[in-house]
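Trainee: Residue numbers (mature numbering (1 follows the signal peptide of the UniProt record, and there is no 0)): -22 to -1, 1 to 622. Backbone N, C-alpha and C define an ideal beta-carbon position, used for all residues, glycine too.
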């Protein structure tokens, strides 16, 4: 940090000493800081933050509201680049408020765009579109064509994110008409890239290429090198989709050289992951080579989300190569990073939930006191009015009666809402305290008895038990995080056409170690051409959970079968086991939140949340889930999803 500050100060003094002069206009001074921040925002974020804070303090001293808003916007964009979306959103909201106070409609439109982009990154498409439409309205009222063009582009991106490409192209076309009537800018390059991606995803490769070639030619200047790299990568992806892998790789390697020359780590990671994906299964050695380079760069920049994605891809390649030790190490590192990164965030959300609950309790108490005071006031009024006559007394008493009923109804509703919030909180803390504590105690106990004097067979048995307990703990934590996230901000949805068989086979491989320990045979009888419409993450979680339950409740030496039944409109996927079955009184409440978890045939524990999550994930994807079972015979869980 100190090194970047020193370099930054030297550059500031050497390049623009006039900006420090008191006679220099304030707007020019702030704009100079803005240019310095934009220069260092990607490759030297510490220097960018340093200049932004200097500019912000200067704007505060001079009571320059637009200048303060501009610096906060820059700080928000730095947070955005680092994946800190909650922090960036807070800064954008402060900036928007300052622009409102200053009556700066152009700045207000810009901040609405930035807030919409944050929601877009989180998958909240409705909120994103709402922000983009506000920005469009502001830009239309003040006649800002560039702002209107950016609003139409981001609206297109919101629909493209939902795979609604015809609607996206329609917005891009409107933006293109505005672009033809105004001077060239970086927005023009963004438009060319976005519309090319939409054509690529709809198979219109010939329509995509002219936009990309034009954009690459116009962006081949120093100030647009970042966008030039992005356009080259998009063109490479078009060739890859066409099957011309050689040309695709050549383009990506040229983009990588450019990204390294300008020291832009975001574009480097983008290009490295693109190269790794292009090599793919056809050349796993080269694919692994580029994934590892991307991982090293992400580690250097503390890009946690990128590290998790890269480790997942590396583990998949090792599994495909049957190098299970390397795959295990990569997967272990991925889970550790995910636990640290997401668990910390989840902890903050739990604290926020607790604070919100306590705040609601305080508000309820205040409301009760207010109701009590109102009641006393009414009683005093009734006492005084009695002197005026019996008729007036009867009218007031009737009014008081109906008013009290209304207040009691409100109190009852408030208490019910608080009870529901309390139930959610108690359930979450109970599961965290019980279902995570027990597995980790088992793991510690097993670790303590491992020493060099153990026989090989004993050591092998303990390590197998240790692996089972650790896997169960990770699955428990995964379920808790998903459930807690859903309680706080709902369930994000990203539906696509999914090949069912590979995802089922992936779950089979993932759980094969647990199945082998119990001598259980898993049969994947899903047809190779079975395709459904669903969210990939949701579907993989459902299948893995149902298969895990089938293994958990199967007797040693049993068999688990996954098969499908396909109609004209839907696909039914069934997981059958020959286990202990489910009692009829438990079967009818199987998918309810209050259901108690049952231990498996190997004394495996659970959270009781797995089937609840499965039901919510299936239903949000427009499907259904049912269960059939006979005690002592086995169970069959069936999910029905739309046929793609």
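Please classify residue 522 as buried or exposed, where buried requires at least 16 neighbouring CB atoms within 10 angstroms.
Mentor: Position 544 of the chain shown, counted from the start, is the residue given in the question as residue 522. Counting Cβ neighbours within 10 Å, residue 522 comes out buried, since at least 16 surround it.
Trainee: For the candidate residues 291, 8, 117 and 196, whose alpha-carbon lies nearest to that of residue 259?
Mentor: In the chain shown, counting from the first residue as 1, residue 259 sits at position 281. Selected option, being the one with the closest Cα: 291.
Trainee: Do you know offhand how far residue 145's Cα is from residue 137's?
Mentor: As a position in the chain shown, residue 145 is number 167, starting the count at 1. As a position in the chain shown, residue 137 is number 159, starting the count at 1. Cα to Cα, the separation comes out at about 6 angstroms.
Trainee: Quick check: the Cα distance between residue 224 and residue 244, rounded to an integer number of angstroms?
Mentor: For this step, residue 224 is matched to residue 246 along the chain shown. For this step, residue 244 is matched to residue 266 along the chain shown. Computed Cα separation, rounded: 24 angstroms.
Trainee: Mapping DSSP to helix, strand and coil, what is residue 199?
Mentor: Mapped onto the chain shown, residue 199 falls at position 221. Residue state, collapsed to three classes: coil.
Trainee: Does the region 609 to 617 come into contact with the region 552 to 561, if we say contact requires no fewer than three beta-carbon pairs (one atom in each stretch) closer than 8 angstroms?
Mentor: The region 609 to 617 vs the region 552 to 561: in contact.
Trainee: So does the region 529 to 542 actually touch the region 492 to 506, counting three or more Cβ pairs closer than 8 angstroms?
Mentor: With the cut-off at 8 angstroms, the region 529 to 542 and the region 492 to 506 touch.
Trainee: Where does residue 238 sit, in a helix, a strand or coil, going by DSSP?
Mentor: As a working mapping, residue 238 is identified with position 260 in the chain shown. Reduced to three states, the DSSP call for residue 238 is helix.
Trainee: Using three-state DSSP, classify residue 78 as helix, strand or coil.
Mentor: Translated into the one-based positions of the chain shown, residue 78 becomes position 100. DSSP places residue 78 in helix when its eight states are reduced to three.
Trainee: Please state the DSSP three-state secondary structure of residue 271.
Mentor: Within the chain shown, the letter at position 293 stands for residue 271. Helix at residue 271.
Trainee: For residue 105, report the span of its alpha helix (DSSP H) as first-last.
Mentor: Within the chain shown, numbered from 1, the residue matching residue 105 stands at position 127. Where residue 105 is concerned, the enclosing alpha helix (DSSP H) stretches over 103 to 120.
Trainee: Just the C-alpha distance for residue 95 and residue 377, rounded to the nearest angstrom, thanks.
Mentor: By 1-based counting over the chain shown, the position of residue 95 is 117. By 1-based counting over the chain shown, the position of residue 377 is 399. In a straight line, the C-alpha of residue 95 is about 52 angstroms away from that of residue 377.
Trainee: Kindly indicate which three-state DSSP category residue 489 falls into: helix, strand or coil?
Mentor: Along the chain shown, read from residue 1 onward, the residue named residue 489 stands at position 511. Reduced to three states, the DSSP call for residue 489 is coil.
Trainee: Classify residue 560 as helix, strand or coil using the three-state DSSP reduction.
Mentor: Position 582 of the chain shown, counting from 1, holds the residue named residue 560. If DSSP states are grouped into helix, strand and coil, residue 560 belongs with coil.
Trainee: So within the region 131 to 168, which uninterrupted alpha helix (DSSP H) runs reach at least 4 residues, ignoring any that extend past its ends?
Mentor: Those alpha helix (DSSP H) runs which fall completely within the region 131 to 168 and span 4+ residues are 143 to 157.
Trainee: When the Cα atoms are used, what is the spatial distance from residue 231 to residue 82?
Mentor: To locate residue 231, count along the chain shown from 1; it is residue 253. To locate residue 82, count along the chain shown from 1; it is residue 104. Residue 231 and residue 82: Cα-Cα distance of roughly 44 angstroms.
Trainee: Taking the alpha-carbon of residue 155 as reference, which of 184, 175 and 123 has the nearest alpha-carbon?
Mentor: As a working note, residue 155 is residue 177 in the chain shown. Selected option, being the one with the closest Cα: 123.
Trainee: Can you tell me whether residue 299 is buried or exposed, with buried defined as 16 or more other CB within 10 angstroms of its CB?
Mentor: As a first step, residue 299 must be located in the chain shown, where it is residue number 321. The residue in question, residue 299, is exposed, as its Cβ has fewer than 16 Cβ neighbours within 10 Å.
Trainee: Within its chain, find whatever has a CB closer than 8 angstroms to the CB of residue 494; leave out the 5 residues flanking it on each side and keep chain order.
Mentor: As a first step, residue 494 must be located in the chain shown, where it is residue number 516. Correct list: empty, nothing qualifies.
Trainee: Tell me whether residue -1 is buried or exposed, calling it buried when 16 or more other Cβ atoms sit within 10 Å of its Cβ.
Mentor: The residue you call residue -1 lines up with position 22 of the chain shown. In this prediction, residue -1 has a pLDDT of 41, which is less than 50 and means its spatial position is unreliable; what the coordinates show is noted afterwards. Burial call: exposed.
Trainee: Cutting at 6 angstroms between CB atoms, please list the residues of its own chain near residue 551, excluding the five before and the five after it.
Mentor: Taking the chain shown and counting its residues from 1, one reaches residue 551 at position 573. Contacts found: 542 and 617.
Trainee: So residue 499 is in the beta strand (DSSP E); what residue range does that whole segment cover?
Mentor: Looking up residue 499 in the chain shown gives position 521. 499 to 502 is the extent of the beta strand (DSSP E) around residue 499.
Trainee: Alpha carbon to alpha carbon, how far is residue 287 from residue 246? Give it in angstroms, no decimals.
Mentor: Start at 1 with the first residue of the chain shown, and residue 246 comes out as number 268. Start at 1 with the first residue of the chain shown, and residue 287 comes out as number 309. Their Cα atoms are separated by approximately 15 angstroms.
Trainee: Once DSSP output is grouped into helix, strand and coil, what is the label at residue 508?
Mentor: Within the chain shown, numbered from 1, the residue matching residue 508 stands at position 530. Coil, per DSSP.
Trainee: Please report the residue range of the beta strand (DSSP E) in which residue 555 lies.
Mentor: Looking up residue 555 in the chain shown gives position 577. It spans 548 to 555 - the beta strand (DSSP E) in which residue 555 sits, taken as one unbroken run.
Trainee: Could you compute how far the alpha carbon of residue 318 sits from the alpha carbon of residue 307?
Mentor: On the chain shown, position 340 is the one that residue 318 refers to. On the chain shown, position 329 is the one that residue 307 refers to. Rounded to the nearest angstrom, the two C-alpha atoms are 17 angstroms apart.
Trainee: Determine whether the beta carbon atoms of residue 281 and residue 61 lie at a separation below 8 angstroms.
Mentor: The residue you call residue 281 lines up with position 303 of the chain shown. The residue you call residue 61 lines up with position 83 of the chain shown. Yes, these two residues count as a Cβ contact at 8 angstroms.
Trainee: Whose CA, out of 201, 103 and 143, lies closest to the CA of residue 173?
Mentor: Working through the chain shown from its first residue, we reach residue 173 at position 195. Per the Cα distances, 143.
Trainee: Do residue 73 and residue 97 have their C-beta atoms within less than 8 angstroms of each other?
Mentor: If you number the chain shown from 1, residue 73 lands on position 95. If you number the chain shown from 1, residue 97 lands on position 119. Against a cut-off of 8 angstroms, the Cβ pair of residue 97 and residue 73 comes out as no contact.
Trainee: Go ahead and pull the three-state DSSP assignment for residue 616.
Mentor: Taking the first residue of the chain shown as position 1, residue 616 is located at position 638. Looking at residue 616 - three-state DSSP - the assignment turns out to be strand.
Trainee: DSSP beta-bridge partners for residue 473?
Mentor: By 1-based counting over the chain shown, the position of residue 473 is 495. Answer is 513.
Trainee: With 16 as the cutoff for other CB atoms within 10 Å, does residue 135 come out buried or exposed?
Mentor: Counting from 1 along the chain shown, the entry for residue 135 is found at position 157. Under this definition residue 135 is a buried residue.
Trainee: In the DSSP assignment, find the unbroken alpha helix (DSSP H) run with residue 260 in it and report its ends.
Mentor: Translated into positions along the chain shown, residue 260 becomes position 282. That residue, residue 260, is in no alpha helix (DSSP H); it is neither H nor E in DSSP.
Trainee: For residue 537, does the three-state DSSP call read helix, strand or coil?
Mentor: The count along the chain shown starts at 1 and reaches residue 537 at position 559. Strand.
Trainee: Could you tell me whether the Cβ atoms of residue 593 and residue 511 are closer together than 8 angstroms?
Mentor: In the chain shown, the residue the question calls residue 593 occupies position 615. In the chain shown, the residue the question calls residue 511 occupies position 533. No, these two residues do not count as a Cβ contact at 8 angstroms.
Trainee: For residue 532, report the span of its alpha helix (DSSP H) as first-last.
Mentor: Working through the chain shown from its first residue, we reach residue 532 at position 554. First-last for residue 532: undefined, no H or E at that position.
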